[in-house]
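Structure, as structure tokens:
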Amino acid sequence: MVVTSRDVARLAGVSQPTVSRALRDDSRVSDATKVRVREAAQLLGYVPSEAGRALSSGRTRRIGLLLTDLDNQFYSHIIAPVHRELEALGYQLMLHTETADNDTIVERLLANGLDGLILATTTVESAAPLRLKDRGLPFVYFNRIGSLIEADATVVDPVDGYKQAVDRAVELGHRRIGAVLGPTNTSTAQARESALRDAVLSHGLTLAEADTRKVSRFSADEGEAAAASLLSAPDRPTVLFCGNDVVAYGVLNAAHRAGLRVPEDLSVVGFDDLPEAAWPIVDLATVRYDIIGMAEAAADLIVRRIENREAPIENVRFASSFVPRRTLAAAQAG
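So for the sequence shown, numbering that gives the first Met the number 0 puts the first residue at 0; every next one is plus one.
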């Protein structure tokens, strides 16, 4: 027989609405009554219905994580920490994957009865944040932000990490610096390119257009194709900075196919410090920041926004630093 809240109410000697309020830790219920209700629920093995709680509270306690850049392995590393943090806060994570960021996404998301949304792969020109605000669905930006509307966000500051990385490259004798940069329609790629150019310029050097390529997606395949184009030139850069670690993996593949040794013939630097970057077979020099902390902060921000719609907008910035590894070494004398 299925145990209901009516059974708990009878055993605890309270009304059915009081059971619901007590199990939600409602401040209108005394601590003594909450204890009595919880003991009765435990004794009977009562499990509250999520649907019932949603109807009574007006919330589903479900938060969506929207991913559209499905080829970028970076995002597989944030799902678990977001899930754990939301679970600790009493919410469920619902993963939504789409192949494009367009107007129909918003309607599909709204149809899923979400309390809020974490936007992880927003492009700068995306209209989805504007439509979400118009429809009253709380959201936060994770890593990437849109340009049409301001909202809570967790982002990386790439300045210190790139400065340290470029300082080290120049110290190792690199003067011909190249890059495989990220998609121009993402805030992450824009911020990283600006920080990299400033770091190179601080040494009186330039990041020449002939020595740079831009991928349309953060993917290993595009990183490899872009690097192949650069490495086929007779006068090529001695070090390539990459838009992220995934792109750097592709650059390493391109170097291998071209018969170039890393780091003897070509140095490579990534960005993100994904777990695979530290594998001995990869040992990628890269720029690091607290990915897990950033994911947890995004979960905290969306819950805060759901529970306090009038709270001031908050942007949490995470510092970056350089991680020296095997793929960055001294430039060969030309």
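Where a beta carbon is used, it is the ideal one built from N, C-alpha and C, also for glycine.
* To do: Reducing DSSP to helix, strand and coil, say where residue 117 ends up.
  => For the purposes of this step, residue 117 is taken as the residue at position 118 of the sequence shown. It is a strand residue.
* Alpha carbon to alpha carbon, how far is residue 206 from residue 170? Give it in angstroms, no decimals. => Residue numbering aside, residue 170 sits at position 171 when the sequence shown is read from its first letter. Residue numbering aside, residue 206 sits at position 207 when the sequence shown is read from its first letter. Distance between the alpha carbons of residue 170 and residue 206 is about 17 angstroms.
* **Three CB pairs or more closer than 8 angstroms across the segment 245 to 262 and the segment 286 to 297** => Flag = no, the segment 245 to 262 and the segment 286 to 297 do not touch.
* Does the separation of the CB atoms of residue 265 and residue 283 fall below 8 angstroms? -> Along the sequence shown, read from residue 1 onward, the residue named residue 265 stands at position 266. Along the sequence shown, read from residue 1 onward, the residue named residue 283 stands at position 284. Against a cut-off of 8 angstroms, the Cβ pair of residue 283 and residue 265 comes out as no contact.
* Could you give the residue range of the beta strand (DSSP E) that holds residue 148? -> Here residue 148 corresponds to residue number 149 of the sequence shown, with the count starting at 1. Careful: residue 148 lies outside any beta strand (DSSP E) and carries neither H nor E.
* Would you mind reading off the limits of the alpha helix (DSSP H) that contains residue 228? => In the sequence shown, counting from the first residue as 1, residue 228 sits at position 229. Note, residue 228: alpha helix (DSSP H), 219 to 230.
* Rounded to whole angstroms, what's the CA-CA distance from residue 354 to residue 298? Just pull it up for me. => Because the chain is modelled from 0 through 333, residue 354 falls outside the range shown and cannot be assessed.
* Inspect the CB distances between the segment 143 to 150 and the segment 260 to 280 and report whether three or more fall short of 8 angstroms. => Taking a contact to require three or more Cβ pairs closer than 8 angstroms, the segment 143 to 150 and the segment 260 to 280 do not qualify as touching.
* Indicate whether at least one CB of chain C lies closer than 8 angstroms to the CB of residue 144. => Protein chain content of the structure displayed is limited to a single chain, and chain C is not contained in it.
* **Contacts around residue 7, its chain only, beta-carbon distance under 7 angstroms, and the 5 residues preceding and following it disregarded** => The sequence position of residue 7 within the sequence shown is 8, counting from 1. Sequence-distant Cβ neighbours of residue 7 in its own chain, meaning closer than 7 angstroms and more than five residues away, are 18, 36, 39, 40, 43 and 45.
* Asked: Taking the runs of the alpha helix (DSSP H) that are 4 residues or longer, which of them lie wholly in the segment 184 to 223?
  -> DSSP assignment within the segment 184 to 223 yields the following whole alpha helix (DSSP H) runs of 4 residues or more, N-terminal first: 186 to 200.
* Nearest-angstrom Cα distance between residue 227 and residue 122? -> Residue numbering aside, residue 227 sits at position 228 when the sequence shown is read from its first letter. Residue numbering aside, residue 122 sits at position 123 when the sequence shown is read from its first letter. Roughly 26 angstroms between the two C-alpha positions.
* To do: Could you check what DSSP says for residue 61 in three-state terms: helix, strand or coil?
  => Along the sequence shown, read from residue 1 onward, the residue named residue 61 stands at position 62. Three-state result, residue 61: strand.
* residue 55, DSSP secondary structure in three states -> Counting from one through the sequence shown, the residue named residue 55 turns up at place 56. Residue confidence for residue 55 is low, a pLDDT of 49 falling below 50, so the modelled location carries little weight; the figure read from the coordinates is stated next. Here residue 55 sits in helix by DSSP.
* the segment 157 to 176 in contact with the segment 189 to 196 per 3-pair CB rule at 8 angstroms -> Segments in contact, yes.
* Decide if residue 128 is buried, meaning its Cβ has at least 16 other Cβ atoms within 10 Å, or exposed. => Residue numbering aside, residue 128 sits at position 129 when the sequence shown is read from its first letter. When all chains shown are included, residue 128 counts as buried.
* Which residue comes first and which comes last in the beta strand (DSSP E) that contains residue 252? -> For the purposes of this step, residue 252 is taken as residue 253 along the sequence shown, with counting starting at 1. Premise fails: residue 252 lies in the alpha helix (DSSP H), 244 to 256, not in any beta strand (DSSP E).
* Asked: Roughly how many whole angstroms lie between the Cα atoms of residue 251 and residue 90?
  -> In the sequence shown, the residue the question calls residue 251 occupies position 252. In the sequence shown, the residue the question calls residue 90 occupies position 91. When only Cα atoms are considered, residue 251 and residue 90 end up about 40 angstroms apart.
* Can you tell me the Cα-Cα spacing of residue 188 and residue 306, whole angstroms? -> Sequence index remark: in the sequence shown, residue 188 carries index 189 (1-based). Sequence index remark: in the sequence shown, residue 306 carries index 307 (1-based). Distance between the alpha carbons of residue 188 and residue 306 is about 32 angstroms.
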